[in-house]
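If you count the sequence shown from 1, you need to add 809 to reach the working numbering. What follows is a set of notes on a single structure, which appears directly below.
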Amino acid sequence: AGRENTGRLMERVAQEVLRASGHEEASQWVAGLDDGPLKGSAMNEIAERYVRNDPEAASQWIEKFAEEDYAARAVREIGKEWAEREPLAAVTWLDKLPAGEGQKAGLSSAFGDWEDKDPVAAGEYLMSMPTSAKRDSAIAGFAAGYAYQDPETAIAWARDISDPTMRNQSLTRVGEAFFRRDPAAAREWLPQSGLSPEAQAAIQQPRRRGRR
């Protein structure tokens, strides 16, 4: 308590527990910690190892904490790692979780991976989801992941986000990828994008960063 970078220090503790006891016992240990950000840091470290060994068991473990804000990163980590191998199983699990930041972050990350493997199947699943905050997050993840491969399709999906703020954020992110891929075509699209002049200017001077 009172130390700088306490989250990173707690991750080191979790690493030692994992090394000494394995992921199953570590998951029981972390459940007994006081609720809060430090517990979340330890959970995230354990989730990363647990899901690589047994994604179904890891998902069952974190479900008990899925509504807690401190567990959001761990839920996202399990959803992302699982989606890299079995996207439909991961998304189906995330879709059934209680609403919360973990579910939304997990769906965004999972769809960002699913579009790499099977964009048609990912799109069909999105179409089956009713309008909701979790669907918005899933679309945002899909659009961000698909933006460089097919910006026009990614733009069409981003426009389907119901939340205006998230929709504009997603369109801006897709627009940055579009501009990197085809500046001339992106410039033609921008006046009809519906984005603010400030967002349009930012798209044409994108920050230096990777695809996602």
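A virtual CB, placed ideally from N, CA and C, is assigned to each residue, including glycine. Fair warning: this is a prediction, and the values are worked out from it, not measured in the lab.
By the CB criterion at 8 Å, A835 and L827 fall inside the cutoff. Counting the other Cβ atoms within 10 Å of the Cβ of N853 gives 16 or more, which makes it buried. Collapsing the DSSP output to three states places Q958 in coil.
V929 sits exposed, since fewer than 16 C-beta atoms from the chains shown fall within 10 Å of its C-beta. CA-CA distance, E825 to G831, rounds to 9 Å.
Distance check between L906 and each of F874, V983, W923, K889 places F874 closest, using alpha-carbon atoms only. DSSP places Y859 inside the alpha helix (DSSP H), whose first and last residues are 846-862. In the structure shown, T940 falls within a coil segment according to DSSP collapsed to helix, strand and coil.
Around A952, the same chain offers A963, W966, A967, S979, V983 as residues with beta carbons nearer than 6 Å, after the five sequence neighbours per side are excluded. Annotated three-state conformation of R812 is coil, per DSSP. Annotation for E1007: the continuous alpha helix (DSSP H) segment containing it runs 1006-1012. In the displayed model, D843 falls within coil according to three-state DSSP, outside both helix and strand. Along the segment 966-1008, the alpha helix (DSSP H) occurs as fully enclosed runs of 4 or more residues at 973-990, 992-998, listed in sequence order. Distance from the CA of T981 to the CA of R861, rounded to the nearest whole angstrom, comes to 33 Å. Cβ contact annotation for E820 (same chain, cutoff 8 Å, sequence separation greater than five): S850, A851, N853, E854, in chain order. Residue environment analysis places S971 among the exposed positions, since fewer than 16 neighbouring C-beta atoms fall within 10 angstroms of its C-beta. If you look at G921, you'll find it in the alpha helix (DSSP H) that goes 910-926. Judged by their CB atoms, F987 and A956 are nearer to each other than the 8 Å cut-off. At a Cβ-Cβ threshold of 8 Å, A892 and A899 count as neighbours.
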